[in-house]
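For reference, the structure discussed in these notes is given below.
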Amino acid sequence: MPEKNIEAARMPSLARPGAILGVLLMLAAMASVFWSQGVAARGLPDFTELVEDNSSAVVNISTTTDPGSQSSGFHGLPFDERQLEQLPPFLQDFFRGPQSPFGGSPRPQQPRRSMGSGFIVSADGYVLTNNHVVEGADEVIVRLNDRREFSATIVGTDPRSDMAVLKIENGEDLPVVSVGRSRDLKVGEWVFAIGSPFGFDYTVTAGIVSALGRSLPSENYVPFIQTDVAINPGNSGGPLFNLEGEVVGINSQIYTRSGGFMGVSFAIPIDDAMNVFRQLRDKGTVARGWLGVLIQEVNRDLAESFGLRRPRGALIAEVMPDSPAEQGGLEAGDIVLEYNGEDVQLSSDLPPMVGRTPVGESARLTVLRGGDEITLDVAIGKLPEDGDDAAQPSTGSRDNSAGAPLGLSVEPLAPETARSVGVEGGVVVAGVDRGPAFEAGIRARDIITEINRQQIRSVEDFRSVVRDLPENRAVSVRIVRQGRAIYLVMKP
Numbered sequence: 000m001p002e003k004n005i006e007a008a009r010m011p012s013l014a015r016p017g018a019i020l021g022v023l024l025m026l027a028a029m030a031s032v033f034w035s036q037g038v039a040a041r042g043l044p045d046f047t048e049l050v051e052d053n054s055s056a057v058v059n060i061s062t063t064t065d066p067g068s069q070s071s072g073f074h075g076l077p078f079d080e081r082q083l084e085q086l087p088p089f090l091q092d093f094f095r096g097p098q099s100p101f102g103g104s105p106r107p108q109q110p111r112r113s114m115g116s117g118f119i120v121s122a123d124g125y126v127l128t129n130n131h132v133v134e135g136a137d138e139v140i141v142r143l144n145d146r147r148e149f150s151a152t153i154v155g156t157d158p159r160s161d162m163a164v165l166k167i168e169n170g171e172d173l174p175v176v177s178v179g180r181s182r183d184l185k186v187g188e189w190v191f192a193i194g195s196p197f198g199f200d201y202t203v204t205a206g207i208v209s210a211l212g213r214s215l216p217s218e219n220y221v222p223f224i225q226t227d228v229a230i231n232p233g234n235s236g237g238p239l240f241n242l243e244g245e246v247v248g249i250n251s252q253i254y255t256r257s258g259g260f261m262g263v264s265f266a267i268p269i270d271d272a273m274n275v276f277r278q279l280r281d282k283g284t285v286a287r288g289w290l291g292v293l294i295q296e297v298n299r300d301l302a303e304s305f306g307l308r309r310p311r312g313a314l315i316a317e318v319m320p321d322s323p324a325e326q327g328g329l330e331a332g333d334i335v336l337e338y339n340g341e342d343v344q345l346s347s348d349l350p351p352m353v354g355r356t357p358v359g360e361s362a363r364l365t366v367l368r369g370g371d372e373i374t375l376d377v378a379i380g381k382l383p384e385d386g387d388d389a390a391q392p393s394t395g396s397r398d399n400s401a402g403a404p405l406g407l408s409v410e411p412l413a414p415e416t417a418r419s420v421g422v423e424g425g426v427v428v429a430g431v432d433r434g435p436a437f438e439a440g441i442r443a444r445d446i447i448t449e450i451n452r453q454q455i456r457s458v459e460d461f462r463s464v465v466r467d468l469p470e471n472r473a474v475s476v477r478i479v480r481q482g483r484a485i486y487l488v489m490k491p
């Protein structure tokens, strides 16, 4: 009996921990569900209120361009009907013209119409959009979400950044977007676009910031925001919003192989766009800072050859004569590591930094030169119009032996060619065989001006430097190709 009572007394004590454990497991499960729902809520935002609050200031832009009458000089050629029937159908239509059998009168063409998007940034009616939306337009119509339509004038355009500023005529009670700061964007952050893809007004698409500071070949002064927001024809010029309902970019371009959206779109950062807007509004033109250098990326081999522990910075391949860079003491072969206190990680970081600098202002650059970091103050100039003189090197007596260890032959550089490409001297690559030079990317007609940080002014210089090159070690080679200087890395 006593033992039975003891066991009976123990049973409740054993049951309590089990009950407590069950309650704890249930609470943990509930907490897990609530936590998962919270994560889902944070990861998938509700755009409803954001769209309702911001659609009114987004506009549809339609343009009309009158091409005029165009007449082909081939109309009225002496073909008879039998001869015309021997041609493909599209050529039959072309040579016949609008009148049969051989119309020689001009072909009337319909006005060309296009569409895009934009947004209102001021209560007095200034609108931002892309240059390519309104380029060449004779008439611009802006339509609001409340179906009001206004004529608009083109205040100014900036093809380099693909920006345009419009002014709504006779507008009242105009809604305005809230302008944010693109410099605060983070990769992975949610963003959304409102625009008119394919003419479907006020379409909303959303995604995340995929990358920042993207440089595109034709517009290296714009550090584009890359997103996966669906952008299609008609979205151009429309706003990119953050989750605060602020405009952080202007949708501008897509990368595509199909002509449609493929998951990669680009927006102009609003910080840069507003700078362009203020200049176009106030002066009608845009002035950008200019350094006067040609730069290239620093890859791992170049970093090794210049004594950098890791690839970073912008390598100066060429300094323009009489440029701010030359006057400020910059030299070819310098690697820009900092610009006004900002790190230059990639070569594409530098042009936007310089472009944003007011003309005439002094900029402080930290550069790597000969293994040492030095600081230079450079007065920034005004970016001139594009236009580079290309020059072809002249031929001379060929030296096949000097470059034999590298797999190339060279010849002297004619003085007139040296002057035309802006170099003090060098040698012309006459031919390249399989070998270190070919593997480095050196090709016939390149002009070699520097090897392993040593100036090459003649074939004799070339022969002397090549003879003393270290084996199995990365060596930098500066060449001029079609008027452009670049650095390559060769491993003899």
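For the sequence shown, numbering that gives the first Met the number 0 assigns the number 0 to the initial residue and increments by one for each residue that follows. Built from N, CA and C at the ideal position, the CB exists for glycine as well.
query: Smallest Cα separation from Asn-231: which of Asn-219, Thr-204, Gly-248?
result: Thr-204
- prompt: For Arg-418, which of helix, strand or coil comes out of DSSP?
  reply: helix
query: Cα separation between Pro-491 and Phe-46?
result: 59 Å
field: Contacts around Asp-145, its chain only, beta-carbon distance under 8 Å, and the 5 residues preceding and following it disregarded
entry: Ser-55
query: So who's on the other strand from Ile-224, going by DSSP bridges?
result: Ala-266
- prompt: Which whole runs of the alpha helix (DSSP H) in the stretch 309-341 are 4 residues long or more, in chain order?
  reply: 323-326
message: Can you tell me whether Val-479 is helix, strand or coil according to DSSP?
response: strand
field: Spatial distance of Met-489 from Leu-345 (CA atoms)
entry: 22 Å
field: Alpha-carbon spacing of Pro-448 relative to Ile-455, whole angstroms
entry: For the sequence presented, residue 448 should be read as Thr rather than Pro. Going by the C-alpha atoms only, they are around 5 Å apart.
- prompt: What are the start and end residues of the alpha helix (DSSP H) that includes Val-297?
  reply: Val-297 -> no alpha helix (DSSP H), and no H or E assigned at all.
Alpha-carbon to alpha-carbon, Arg-480 and Ala-390: Residue confidence for Ala-390 is low, a pLDDT of 23 falling below 50, so the modelled location carries little weight; the figure read from the coordinates is stated next. Rounded to whole angstroms, Ala-390 to Arg-480 spans 9 Å at the Cα level.
message: By the three-class DSSP mapping on this structure, what secondary structure does Glu-261 have?
response: First, the residue type needs correcting, since residue 261 is Met and not Glu in the sequence shown. Met-261 falls in the coil class under three-state DSSP.
- prompt: Three or more beta-carbon pairs under 8 Å between the stretch 417-431 and the stretch 463-476, yes or no?
  reply: no
- request: Determine which residues share a DSSP beta bridge with Lys-381 and list them.
  value: Gly-288
message: Buried or exposed, going by whether 16 or more other CB atoms sit within 10 Å of the CB of Lys-166?
response: buried
message: Excluding the 5 residues flanking Leu-49 on each side, which residues of the same chain have their C-beta closer than 6 Å to its C-beta?
response: Gly-244
query: When burial is assigned at 16 or more other CB atoms within 10 Å of the CB, is Asp-498 buried or exposed?
result: The displayed coordinates of the chain run from 0 to 491. Any statement about residue 498 would go beyond what the structure contains.
- request: Report the three-state DSSP secondary structure of Glu-303 (helix, strand or coil).
  value: helix
- prompt: Which residues mark the beginning and the end of the beta strand (DSSP E) in which Thr-47 is found?
  reply: That residue, Thr-47, is in no beta strand (DSSP E); its alpha helix (DSSP H) goes 47-53.
- prompt: Which stretch, first to last residue, makes up the alpha helix (DSSP H) that contains Val-343?
  reply: Careful: Val-343 lies outside any alpha helix (DSSP H) and carries neither H nor E.
query: Counting along the chain, where does the alpha helix (DSSP H) carrying Val-141 start and finish?
result: Note, Val-141: premise wrong, no alpha helix (DSSP H); beta strand (DSSP E) at 138-142.
field: The beta strand (DSSP E) enclosing Ala-439, as first and last residue numbers
entry: Premise fails: Ala-439 lies in the alpha helix (DSSP H), 435-439, not in any beta strand (DSSP E).
field: Close beta carbons around Asn-130, own chain, < 7 Å, minus the five adjacent residues each side
entry: Thr-156, Asp-157, Pro-158, Asp-161, Met-162, Ala-163
- request: Would you identify the three-state DSSP class for Lys-282, choosing helix, strand or coil?
  value: helix
- request: Kindly indicate which residue of Val-58, Tyr-338, Glu-51 has the alpha-carbon position closest to the one of Pro-196.
  value: Val-58
Among Gly-237, Phe-260, Asn-241, nearest to Ile-499 - alpha-carbon criterion: Outside the displayed span of the chain (0 to 491) sits residue 499, for which this structure offers no information.
message: For the pair the stretch 413-428 and the stretch 375-385, tell me if three or more CB-CB distances fall below 8 Å.
response: no
- request: With DSSP as the reference, please indicate the residues paired to Ser-113 in a beta bridge.
  value: Thr-62
- prompt: Is there contact between the stretch 322-339 and the stretch 180-199, where contact requires at least three CB pairs shorter than 8 Å?
  reply: no
- prompt: Which residues mark the beginning and the end of the beta strand (DSSP E) in which Phe-149 is found?
  reply: 148-157
query: Around the C-beta of Pro-435, are 16 or more other C-beta atoms found within 10 angstroms, so that it is buried, or is it exposed?
result: buried
query: Just checking my contact of Leu-487 with Ala-439 at CB under 8 Å: how many whole Å lie between their CB atoms?
result: 5 Å
message: Please determine whether the Cβ atom of Ser-304 lies at a distance below 6 Å from any heavy atom of the ligand HEM.
response: Here there are no bound small molecules, and the ligand HEM is not part of this structure.
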